[in-house]
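Right, one structure below, let's go through it.
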Amino acid sequence: MSAPAPERTQVAIVGGGPAGLMLAHLLRLRGVDSVVLESRPRERVETRQRAGILEHGTVEALREVGADARMDELGLPHDGFELRFAGRGVRVDMQELTGERVMIWAQTEVTKDLIALRLDHGEPLVFDAEVLAVSDVETDSPSVRYRHGGSDGEVHVLHADVVVGADGSYGPSRRAIPEHLVRRFERVYPYSWLGILADVAPSSHELVYARGRTGFALASMRSPSVTRAYIQVPNGTDPQSWADEAIWDELSARFALDDGSFTLSRGPITDKSVTPMRSMVTEPMRHGRLFLAGDAAHIVPPTGAKGLNLAVADVRVLAEALGEWFATKDETLMDAYSDTALRRVWRASHFSWTMTTMLHVDPDGDPFDEQLALSHLHHIESSESARRALAENYRGLALGAL
Ligand code: DHB
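Structure follows, in structure tokens:
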């Protein structure tokens with residue numbers, strides 16, 4: 001932590017992940033003060049492995065706040081990606097179909113840059129700040145009570161005009177909305193992802209999403225010399241139960257092309273983890289002076305990498321609304337926030353669900369579902385408009401286009 005955090009601010013931001021940090025930066029550019037409270041230590045926030053694709057709008061936001069130097073140096077712009085099924089591949093050329101590309105740049109790196117920038121500005125960001133209560137959000141002086149520095153740490157109260165809950169799907173902020181006002185939508189998928197990082201050059205210059213006979217596989221990358229890959233595994237899988245060679249064998253089988261033209265390069269695996277998959281949306285995203293953003297309000301399964309992009313889209317809308325309100329006391333945009341954000345959330349939820357169900361093999365094996373998934377892939381293969389629709393969703397719709 002830098003200087004001691006103030007006891008009063010305009011916007012108290014609960015959560016120092018990409019949503020909370022990006023919001024703090026966007027607010028600063030609009031002349032609005034904030035304090036960011038993060039429950040975990042800095043090292044933990046900076047080492048968490050998450051997805052790695054940035055939509056055009058997310059790249060723009062990173063540029064706006066000045067967190068783009070390392071991204072421009074080390075990020076990998078991609079024009080397209082491949083879908084692979086039934087032993088053949090279909091390329092989706094985003095650049096040609098939509099005029100935009102995406103950037104391969106890991107969420108971990110985005111987070112590191114946003115933290116460094118916050119500290120460079122000398123703006124309050126408190127790590128190890130466990131939020132105990134978000135209170136009085138139905139009044140015009142809400143507050144956040146938190147304990148700083150572990151279980152014997154000191155308890156502080158931060159008073160604010162507005163509280164933003166950007167504290168993930170298990171964070172405390174959402175509980176400040178009375179239960180009877182909340183609608184919750186959820187879908188749990190009957191499979192998880194086993195993800196690896198490996199010190200080997202990517203086997204394909206673009207991402208490959210495969211529906212293999214035994215399940216989904218994704219070939220991604222972190223740099224020209226680091227491969228990131230995932231395979232569908234049963235829920236509850238222990239990552240250590242998979243030997244390295246077994247992972248490579250399974251990836252090879254799922255990516256195989258009938259013409260034999262694909263070879264997977266193998267190398268030392270440096271990280272293995274399992275991610276469960278679910279979709280979740282809670283409505284509304286605002287109650288009184290409390291606003292939710294990112295995973296605190298919605299979770300998407302990882303297929304298509306929408307989680308970070310949705311979080312950034314939320315806070316772009318929210319920063320505009322709060323900036324307007326602090327400057328003029330006009331509440332129009334603030335009142336529209338939940339509906340505006342939720343339109344994009346549901347679009348991304350549908351897209352992520354579609355990508356997931358189209359590319360995974362359901363272990364409970366309904367042949368009807370399988371034929372629908374294959375039919376969707378055939379449609380994408382044979383129709384440019386189907387490819388364009390997929391590409392538009394993948395590269396992300398412009399703010400205000402929904
Ligand atoms: C990655 C993750 C995703 O969920 C995805 O759709 C693409 C890439 C990644 O971690 O690289």
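Numbering of the sequence shown is given in UniProt numbering, commencing with residue 1 and proceeding in unit increments.
The C-beta atom is built at its ideal place from N, Cα and C for all residues, glycine as well.
query: Suppose you measure from the CA of A5 to the CA of D244; what does that come to, to the nearest Å?; result: 46 Å
query: Nearest to H378 by CA position, among F85, N393, A321 and L194, is which residue?; result: F85
query: DSSP three-state call for W242: helix, strand or coil?; result: coil
query: Tell me the residue span of the beta strand (DSSP E) that contains V35.; result: S34 to L37
query: Consult DSSP for F185 and reduce its assignment to one of helix, strand or coil.; result: strand
query: If the criterion is Cβ atoms closer than 8 Å, does the pair R118 and A24 meet it?; result: yes
query: Return yes when at least one heavy atom of the ligand DHB lies under 7 Å from the C-beta of L359, else no.; result: no
query: Just checking S349 against the ligand DHB - is the residue's beta carbon closer than 7 Å to any of the ligand's heavy atoms?; result: no
query: Looking at the ligand DHB, does it come within less than 7 Å of A217, judged from the CB to the closest heavy atom?; result: no
query: Assign P363 to buried or exposed, taking buried as 16 or more other Cβ atoms, counted over all protein chains shown, within 10 Å of its Cβ.; result: exposed
query: Name the two residues that bound the continuous beta strand (DSSP E) containing Q10.; result: R8 to V14
query: Report the residue from L194, L397 and A341 whose alpha carbon sits nearest the alpha carbon of I269.; result: L194
query: For D369 and R266, I'd like the C-alpha separation in whole angstroms.; result: 33 Å
query: Tell me, to the nearest whole angstrom, how far the beta carbon of V134 is from that of V163; I am working on the premise that it is less than 8 Å.; result: 6 Å
query: For K26, does the three-state DSSP call read helix, strand or coil?; result: The displayed chain sequence assigns Leu, not Lys, to residue 26. Note: L26 maps to helix in three-state DSSP.
query: So, at 7 Å on beta carbons, what are the nonlocal neighbours of F326 in its own chain, with the 5 sequence-adjacent residues on each side left out?; result: Q10 and V32
query: Reducing DSSP to helix, strand and coil, say where E72 ends up.; result: Note on identity: in this sequence residue 72 is Asp, with Glu being the wrong assignment. Helix.
query: Within 10 Å of its beta-carbon, does Q107 have 16 or more other beta-carbons around it, so buried, or fewer, so exposed?; result: buried
query: Would you say the beta carbon of residue 424 comes nearer than 7 Å to a heavy atom of the ligand DHB?; result: One cannot answer for residue 424 here, as it falls past the ends of the chain, which runs 1 to 402.
query: Is DSSP giving residue 455 helix, strand or coil here?; result: Limits of the chain in this structure are 1 at one end and 402 at the other, which puts residue 455 out of reach.
query: Could you tell me if the beta carbon of P302 falls within a distance shorter than 7 Å of some heavy atom in the ligand DHB?; result: yes
query: Report back the beta-carbon spacing between A67 and L114 to the nearest angstrom; my notes put them in contact at under 8 Å.; result: 5 Å
query: DSSP on A389, reduced to helix/strand/coil?; result: helix
query: Starting from the C-beta of R184, find all residues in its chain whose C-beta is less than 6 Å away, skip the five residues before and the five after it, and write them out in chain order.; result: T282
query: For a test of the three-state rule: what should DSSP assign to H378, helix, strand or coil?; result: helix
query: Restricting to runs no shorter than 4 residues, where is the alpha helix (DSSP H) found entirely within the segment 54 to 113?; result: 56 to 65, 69 to 74 and 94 to 98
query: Return yes when the Cβ of T227 is within less than 8 Å of the Cβ of V208, no when it is not.; result: no
query: Are R91 and G80 closer than 8 Å when you measure CB to CB?; result: yes
query: So what does DSSP say about Y394, is it helix, strand or coil?; result: helix
query: Could you tell me whether any non-hydrogen atom of the ligand DHB is closer than 7 Å to the CB of G75?; result: no
query: Tell whether a beta-carbon distance below 8 Å holds between V137 and L372.; result: no
query: Would the segment 166 to 183 count as touching the segment 48 to 55 if we require 3 or more Cβ pairs under 8 Å?; result: no
query: Could you tell me the boundaries of the beta strand (DSSP E) in which M221 lies?; result: G215 to S223
query: Taking the straight line between their C-alpha atoms, what separation do you get for T354 and R254?; result: 19 Å
query: Below 7 Å, is the gap between the Cβ of R395 and the nearest heavy atom of the ligand DHB?; result: no
query: Could you check what DSSP says for S2 in three-state terms: helix, strand or coil?; result: Reliability of the predicted coordinates at S2 is poor, the pLDDT of 47 falling under 50, and the value obtained from them is presented with this limitation in mind. Coil at S2, not helix or strand.
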